[in-house]
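There are 2 protein chains.
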Amino acid sequence: MTELSLVAALAKRLPRIGDDCAIVRHGAEDLLFTTDLLVEDVHFRRTEHPAADIGYRALARSLSDIASMGGDPRWATVALALPPWATERWVAGFYRGMLGLAARHKTEIVGGDFSRAPVLTADVMICGTVAPGEALRRNGACPGDAIYVSGALGRGRWRFVPRLTLGRQLRGLGATSCMDLSDGLSLDLHRLTTASRVAAALETIPVARGATLAEAFDRGEDYELLFTLPPAVKAPRSARRIGTIVRGRVGRVTYNGELVIPKGHDHFRSEPHP
Amino acid sequence: MTELSLVAALAKRLPRIGDDCAIVRHGAEDLLFTTDLLVEDVHFRRTEHPAADIGYRALARSLSDIASMGGDPRWATVALALPPWATERWVAGFYRGMLGLAARHKTEIVGGDFSRAPVLTADVMICGTVAPGEALRRNGACPGDAIYVSGALGRGRWRFVPRLTLGRQLRGLGATSCMDLSDGLSLDLHRLTTASRVAAALETIPVARGATLAEAFDRGEDYELLFTLPPAVKAPRSARRIGTIVRGRVGRVTYNGELVIPKGHDHFRSEPHP
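These protein sequence lines are chains G and W, in that order. For the first sequence, the numbering used here gives the first residue as 29, with consecutive numbering after it. For the second sequence, the numbering used here gives the first residue as 29, with consecutive numbering after it.
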């Protein structure tokens with residue numbers, strides 16, 4: 029059972045799944061909801077990262093989902109299941125890393141829950157807001173739109189910077205689609221083009237220093253934004269154009285004419301997605 | 029490290045913790061946020077409960093938090109970390125139990141996340157709504173108020189019914205305080221009287237059939253509502269009066285003159301709270 033098959037099975041019953049956040053109409057603003065699990069030995073090893081870095085990343089992943097919708101993060105809840113090795117000092121470090129990032133993005137951690145568990149498990153839910161009907165989604169890319177990423181790919185930084193400012197800017201520019209690159213360009217662009225019922229032709233991939241082209245396509249965890257703009261729109265300065273949305277078999281991605289196989293990271297399996 | 033010491037340490041930094049839900053002002057309604065972890069071998073054993081019962085309970089615990097604030101549950105996210113034993117069939121059963129209860133209480137599961145993990149871990153966040161400034165809290169009980177519970181204690185049902193209708197009714201009646209009995213009457217009433225800076229004198233405890241008085245005080249997981257009403261207010265029919273709020277040492281609870289030691293269930297430790 030892969031994450032995709034689980035999500036596909038549930039999506040039939042849970043209609044709002046599909047974008048990085050669920051969008052809900054409420055009063056004068058839309059609410060955005062997203063939640064992300066960070067599990068020891070699946071998403072991180074405790075020997076490799078200080079507590080503050082783990083707390084930072086647990087929040088940053090959910091912030092990135094809000095960024096990809098062009099929203100403003102507002103309120104977060106943090107559920108934390110702690111194994112015996114997690115000392116009070118470790119938990120304090122975890123929250124220090126998290127609260128520093130939360131303050132930077134005006135996000136208030138309003139509540140949470142604790143439990144014991146055999147491995148450290150953090151679930152961070154963020155509720156954000158966005159002007160009604162204006163959230164960026166995955167399903168609006170049109171043939172002719174230019175495809176961009178917000179930075180070089182293939183060497184995701186552990187303490188990555190969630191692209192919240194860019195997300196808001198893209199909303200103002202009328203981006204036709206947007207998502208964050210959590211699982212690798214090949215898989216995520218496959219998802220975006222599938223949701224939009226289009227294909228994509230890639231020409232240039234900005235590869236991070238020290239990374240290979242294969243890593244830029246498949247490695248995941250870059251947390252840059254992947255987005256499309258109508259041809260007439262001038263892209264923000266930090267954006268790197270990687271190709272064009274085209275007509276074609278839905279979900280098909282080519283790179284200089286060659287088929288790109290979606291094989292990014294699936295956190296539900298430990299192996300890359302087939 | 030107990031759950032209380034963790035929460036106390038965090039409460040200094042996270043000002044909204046203290047009630048069953050965080051309360052946030054947003055537009056024409058207040059938003060309520062709560063999140064609850066359900067962890068295998070801490071909160072349940074998989075050999076003892078079918079998947080649907082575990083899904084039911086994972087959602088019911090968060091619904092009970094919304095009930096205790098007098099709110100309406102609206103949107104939920106579900107993060108699920110699955111061990112190797114959790115088959116697709118098991119996950120389908122889990123969601124069946126959860127979605128049935130969600131439909132009954134007009135709660136929409138809008139999103140979620142999946143991961144692998146060594147033990148099954150579910151985190152259910154619910155966002156609810158309530159008329160501005162009207163959420164029931166723990167800190168308003170006054171000397172002279174009558175103390176009630178919504179049912180007999182000591183034998184919590186696994187598939188308990190979250191007291192959402194009663195919660196709304198109590199809000200209309202002007203209840204001065206309310207919380208749900210998740211950790212046992214002795215510990216939870218200690219918390220309520222501490223938050224309200226009062227003491228409590230108990231006279232009669234409705235003990236569930238098959239339970240002892242000690243279980244009614246300390247066993248936890250009843251998920252009945254514990255609340256206070258001004259003396260002039262007629263209580264709902266289902267309410268059982270158990271005593272009176274009095275002046276005295278803050279947090280002190282007596283039962284027919286004898287001191288009650290707060291020793292309900294602390295899910296962070298496996299032992300009862302000291």
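By construction, the Cβ of each residue, glycine as well, lies at the ideal position given by its N, Cα and C atoms. What you are looking at is a predicted structure, and each value in this text was computed from that prediction instead of being measured.
Given residue i as reference, the closest of the options once Cα atoms are compared
i	options	result
serine 210 of chain W	W/Glu243, W/Gly202, W/Ser92 and W/Leu201	W/Ser92
proline 78 of chain W	W/Gly125, W/Glu252, W/Arg53 and W/Arg144	W/Gly125
glycine 303 of chain G	G/Pro258, G/Ile82 and G/Leu129	With chain G covering only 29 through 302, there is no way to say anything about residue 303 of chain G.
arginine 132 of chain G	G/Met97, G/Pro190 and G/Thr282	G/Pro190
threonine 105 of chain W	W/Trp113, W/Pro111 and W/Ala86	W/Ala86
proline 111 of chain W	G/Arg73, G/Asp69 and G/Gly279	G/Asp69
threonine 232 of chain G	G/Leu59, G/Arg165 and G/Thr272	G/Thr272
alanine 236 of chain W	W/Leu217, W/Thr75, W/Ala163 and W/Ser178	W/Ser178
arginine 73 of chain G	G/Arg53, G/Thr63 and G/Trp113	G/Trp113
glycine 156 of chain G	W/Glu286, W/Phe61, W/Asp48 and W/Cys49	W/Phe61
alanine 130 of chain G	G/Asp47, G/Ser90 and G/Ala50	G/Ser90
alanine 180 of chain W	W/Leu241, W/Leu220 and W/Ala263	W/Leu241
arginine 165 of chain W	W/Asp250, W/Gly99, W/Ile82 and W/Ala80	W/Gly99
arginine 269 of chain G	G/Asp250, G/Ala174 and G/Gly202	G/Ala174
aspartate 58 of chain W	G/Ala263, G/Trp103 and G/Leu192	G/Trp103
valine 278 of chain G	G/Arg196, G/Val52 and G/Thr222	G/Thr222
cysteine 19 of chain W	W/Asp250, W/Ala80 and W/Ala163	This structure gives no information on residue 19 of chain W, because the portion of chain W shown stretches from 29 to 302.
alanine 120 of chain G	G/Lys262, G/Asp216 and G/Ala80	G/Ala80
arginine 225 of chain W	W/Ile51, W/Val274, W/Asp250 and W/Gly238	W/Val274
C-alpha distance - residue i paired with residue j, whole-angstrom precision
i	j	result
valine 147 of chain G	tyrosine 84 of chain G	18 Å
alanine 169 of chain G	glutamate 116 of chain W	33 Å
glycine 140 of chain W	alanine 159 of chain G	23 Å
arginine 185 of chain W	phenylalanine 245 of chain W	16 Å
proline 302 of chain W	phenylalanine 142 of chain G	Only weak support exists for where proline 302 of chain W lies, its pLDDT of 30 falling under 50; the coordinates are left without a value.
glycine 248 of chain G	alanine 267 of chain G	18 Å
leucine 66 of chain G	valine 152 of chain G	8 Å
histidine 282 of chain W	glycine 276 of chain W	As written in the sequence, residue 282 of chain W is threonine, which differs from the histidine given in the question. Computed Cα separation, rounded: 11 Å.
asparagine 284 of chain W	leucine 230 of chain W	6 Å
glycine 182 of chain W	proline 234 of chain W	9 Å
leucine 127 of chain G	leucine 198 of chain W	36 Å
proline 290 of chain W	histidine 218 of chain W	6 Å
isoleucine 94 of chain W	proline 171 of chain G	46 Å
threonine 135 of chain G	methionine 97 of chain G	16 Å
asparagine 167 of chain G	glycine 46 of chain W	41 Å
leucine 253 of chain G	leucine 213 of chain G	10 Å
valine 288 of chain W	arginine 280 of chain W	8 Å
glutamate 243 of chain G	alanine 109 of chain W	27 Å
arginine 144 of chain G	alanine 150 of chain W	13 Å
alanine 107 of chain W	phenylalanine 122 of chain W	12 Å
threonine 75 of chain G	aspartate 64 of chain W	28 Å
alanine 56 of chain G	glycine 161 of chain G	11 Å
arginine 297 of chain G	tryptophan 118 of chain W	Bear in mind that a pLDDT of 47 at arginine 297 of chain G, under 50, signals an unreliable position, so the number given afterwards is only what the model happens to contain. Answer to the nearest angstrom: the Cα atoms are 17 Å apart.
alanine 260 of chain G	valine 138 of chain G	42 Å
alanine 227 of chain W	serine 205 of chain W	13 Å
glutamate 299 of chain G	histidine 71 of chain G	Any reading at glutamate 299 of chain G is ruled out, since the residue's pLDDT is 38, under 50, leaving its predicted position unreliable.
alanine 203 of chain G	phenylalanine 255 of chain G	7 Å
glutamate 286 of chain W	arginine 53 of chain G	52 Å
threonine 193 of chain W	alanine 88 of chain W	14 Å
isoleucine 82 of chain G	aspartate 216 of chain G	24 Å
lysine 262 of chain W	leucine 220 of chain W	21 Å
phenylalanine 188 of chain W	proline 101 of chain G	34 Å
glycine 195 of chain G	glycine 238 of chain G	27 Å
isoleucine 24 of chain W	proline 264 of chain G	A question about residue 24 of chain W goes unanswered here, because the residues of chain W that appear run from 29 up to 302.
Delimiting residues of the beta strand (DSSP E) encompassing residue i
i	result
arginine 89 of chain W	Counting along the chain, arginine 89 of chain W falls outside any beta strand (DSSP E), though it belongs to the alpha helix (DSSP H) covering 79 to 96.
glycine 125 of chain W	Careful: glycine 125 of chain W lies outside any beta strand (DSSP E), inside the alpha helix (DSSP H) at 116 to 132.
alanine 107 of chain W	100 to 110
glutamate 243 of chain G	It is not in any beta strand (DSSP E) - glutamate 243 of chain G instead sits in the alpha helix (DSSP H) that spans 241 to 246.
arginine 268 of chain G	268 to 274
threonine 282 of chain W	281 to 283
arginine 144 of chain G	136 to 144
valine 177 of chain W	174 to 177
Opening and closing residue of the alpha helix (DSSP H) in which residue i lies
i	result
aspartate 216 of chain G	213 to 224
aspartate 232 of chain W	It is worth fixing the name first, because residue 232 of chain W is threonine in this sequence and not aspartate. Premise fails: threonine 232 of chain W is in no alpha helix (DSSP H) and is neither H nor E.
leucine 192 of chain G	192 to 201
Opposing strand residues paired with residue i [DSSP bridges]
i	result
arginine 53 of chain G	G/Asp58
valine 67 of chain G	G/Thr149
glycine 156 of chain W	W/Leu60 and W/Pro101
aspartate 208 of chain W	W/Leu253
phenylalanine 188 of chain W	Phenylalanine 188 of chain W pairs with nothing; no bridge assigned.
Residue i: CB within 7 Å of a non-hydrogen atom of the ligand ATP
i	result
glycine 172 of chain G	Only the bare structure without any ligand can be found here, which leaves the ligand ATP out of the picture.
Presumed contact (8 Å Cβ cut-off) between residue i and residue j, rounded CB distance
i	j	result
tyrosine 251 of chain G	aspartate 208 of chain G	6 Å
| message | By the 7 Å beta-carbon criterion, what residues does the stretch 126 to 152 of chain G contribute toward chain C? | response | The structure shown contains no chain C; the protein chains it does contain are G and W.
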